[in-house]
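Single-structure report; data block below.
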Amino acid sequence: MNLTHLRAFHDVATHGSYVAAAAAASVSQPTLSEQVRLLERHHEVRLLQRAGRSVELTALGHKLFAVTSKLFAAEMEAEAVLAKARHIMHGELRFGTDAPINAVGVLSAFRRRNPGVSIQLVSGNSAEIRKRVLAGTVDVGIIADETPHPDLVGRILGTQDLVAFVRHDHALAGHKAIRLQDLIHHPLIIREIGSVTRRSIETALSTAQLQPTELLETDSREAVHAAVIAGLGVGVIAEDEFNDDPRLVLLDFVDPIPPITEYLVYRQANPRTHVVDAVLECVGG
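58 is the number of the first residue of the sequence shown in our numbering; add one for each residue after it.
Set out below in structure tokens:
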């Protein structure tokens, strides 16, 4: 079996497109495409199928990807063992986070201690990052989801309050605080389903027996900020995610809303334990 062709398939399956995989592997897209094509032709199988600009795995492709993930993870672990003998760590850290701001401290410490390791940062809501950690496509994740899972280990990083914010000329901009009651009189801008921020504010409103009259759903915290700047309503986010923008006014909630707890999570049986251990050393506690 040609391992070069197998790695080409693994890279494309990992990144979801030939373009992204070629960039990550520092090879040309035609070269990568040809290597995958040769693998499929040699074994007379179909592993990948194009879906617009991205690719999707066939049923057989999914099975092979599960094998190659273990194969190349073992290869990286072997490299790490040898590198550690020289007191040097190389390779890649695949780090997922529900908000880049939450990962800055850990990643800065990691980079100082392990300058030879490249970092791949993936962002998404807590549900998405949790799935990636369980699937093994990221090594470590930061999420605000405390739901226990037998395959996951979690470590508390800290807590932060839920806050609201409006545009500087909004009717509530002159206030220093806001009530949950106020949210039912203005369009509420929140994240998509799967976001812990959304779950927290919806739980608080439900507990107070309040129902917003208008809801605007976005797919990212950046989109929440953009919608508020556009004057579309009141945004709700975790305090650390607020952008210090002169066009925006931050409002604390008067009502007692439980803070959001952020966790560092990783798989119990991770073949890349050397990378996880290196991250944990940067967290402390």
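Note that the Cβ used here is the ideal one computed from N, Cα and C, for glycine as well. These numbers come from a predicted model, not from an experiment.
By DSSP's assignment, Phe152 forms a beta bridge with Leu178 and Val197. Selection Arg98, Phe299, Leu191 and Arg103 evaluated against Ala116 yields Arg103 as nearest (Cα-Cα).
Comparing alpha carbon positions, the residue from Asp312, Arg248, Arg64 and Ala80 closest to Leu128 is Arg64. Bridge pairing for Gly215: Glu319 [DSSP]. For Leu95, the three-state secondary structure derived from DSSP is helix.
The beta carbon of His225 sits closer than 6 Å to the beta carbons of Arg304 and Val306 from its chain, once the five residues preceding and following it are set aside; these are given in chain order. Counting only the Cα atoms, Arg212 lies some 27 Å from Ile247. Three or more pairs of CB atoms, one per stretch, sit closer than 8 Å, so the stretch 91-107 contacts the stretch 63-78.
Cβ contact annotation for Ala230 (same chain, cutoff 6 Å, sequence separation greater than five): Val223 and Val306, in chain order.
Nearest neighbour of Val253 by Cα position, chosen from Val340, Glu203 and Ala77, turns out to be Glu203. Distances from the alpha-carbon of Ser180 to those of Phe152, Ser111 and Arg329 put Phe152 closest. Under the three-state reduction of DSSP output, Ile246 falls in the strand class. Taking a C-beta distance under 9 Å as the contact criterion, Ala261 and Asp312 qualify as a contact pair. In the DSSP assignment, Ser111 is bridged to Ala108. DSSP places Arg278 in the helix class (H, G or I) of the three-state scheme.
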